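Trainee: Numbering (my numbering), first residue to last: 44 to 251.
Note that CB positions come from ideal geometry on N, CA and C, so glycine has one too.
None of the values given here were measured: they were computed from a predicted structure.
My questions all concern the structure below.
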Ligand code: Z5A
């Protein structure tokens with residue numbers, strides 16, 4: 044690329060109630076204070092088409108769905124997201140901060156639903172080629188703690204209705220990925236206070 048420097052792509056992931064939404068606001072403000080132009084987005088979603096796919100994926104009225112269909116819908120939304128939002132922003136030098144990304148497909152559809160990781164990797168290669176986040180912040184919390192944090196939210200969506208076992212497999216798949224990609228995925232203990240998590244994130248961001 045000539046001239047302008049490409050922005051950085053940071054993703055934040057983890058099981059439910061790990062504190063992604065809480066910390067993402069802090070990260071955004073922290074980077075802005077350092078003079079970085081940041082775009083905040085999420086998956087599934089982030090574009091008009093992606094948000095429609097999100098509704099289909101998470102709505103209880105959708106009912107049962109084949110795990111492969113769920114995986115492909117996640118990647119369809121992701122393709123739209125990358126092509127129409129993430130790449131254009133990075134190319135013009137903005138940073139992009141995404142609440143969840145491909146690691147969630149490995150964790151939820153791979154770990155949770157039990158889909159073959161090799162098949163997910165094939166889809167990833169097809170859609171993303173070599174595109175990958177510059178950094179992923181993985182907020183880790185025991186499933187029971189995460190669940191107790193979100194309990195008061197009331198009605199659960201289609202995926203949240205899964206049993207504790209499902210989320211334990213999701214958490215383990217995230218941890219496995221952080222061990223597989225230690226350079227990119229920073230595992231953060233998010234089981235303590237919001238402030239404790241924030242301090243760990245700050246140290247990591249300063250290293251960027
Ligand atoms: N999904 C998938 O299956 N495959 C994919 O490829 C992708 C996604 C991309 C939507 O995700 C669903 O899509 C998700 C995975 C699936 N399904 N599930 N389950 P989402 O990110 O939109 O929704 P979510 O997972 O339900 O996020 P969340 O529950 O909102 O989690 P969070 O953002 O990490 O939590 P939070 O809102 O920041 O915090 C929850 C509460 O805890 C809140 O009251 C906070 O004030 C409190 N909190 C936060 N941190 C702390 C600490 N440290 N101590 C105490 N209390 C805290």
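1) Starting from the C-beta of residue 187, find all residues in its chain whose C-beta is less than 7 Å away, skip the five residues before and the five after it, and write them out in chain order.
2) Inspect the beta-carbon positions of residue 203 and residue 141 and report whether they are closer than 8 Å.
3) Can you have a look at residue 105 and say buried or exposed, based on whether 16 or more other CB atoms are within 10 angstroms of its CB?
4) What distance in whole Å lies between the Cβ atoms of residue 182 and residue 240, which are believed to be in contact at a cut-off of 8 Å?
5) Only counting the same chain, and skipping five residues up and downstream in sequence, which positions put a Cβ closer than 6 Å to that of residue 219?
6) What are the partner residues of residue 179, as DSSP defines its beta bridges?
7) Using 8 Å as the threshold, is the C-beta distance between residue 125 and residue 148 below it?
8) Which whole-angstrom value is the C-beta distance of residue 52 and residue 133, which I expect to be below 8 Å?
9) From the DSSP output, read off the bridge partner residues of residue 137.
10) If you draw a straight line from the C-alpha of residue 237 to the C-alpha of residue 66, how long is it?
11) Distance check for residue 48 and residue 58, CA to CA, integer angstroms please.
12) Between residue 152 and residue 113, how many whole angstroms is the CB-CB distance? I'm expecting something under 8 Å.
13) Tell me the DSSP secondary structure of residue 74 in three-state form.
14) So, helix, strand or coil for residue 248, using DSSP?
15) Among 55, 215, 61, which residue has its Cα nearest to the Cα of residue 194?
Mentor: Concretely, from the data shown:
1) none
2) No; because the gap between Cβ atoms is not below 8 Å, this pair is not in contact.
3) exposed
4) 7 Å
5) none
6) 54, 228
7) no
8) Right, the Cβ-Cβ distance comes to about 6 Å (below 8 Å), so this counts as a contact.
9) Paired residues: none, contrary to the question.
10) 8 Å
11) 33 Å
12) 6 Å
13) The three-state secondary structure of residue 74, taken from DSSP, is helix.
14) helix
15) Ranking 55, 215, 61 by CA distance to the CA of residue 194 puts 61 first.
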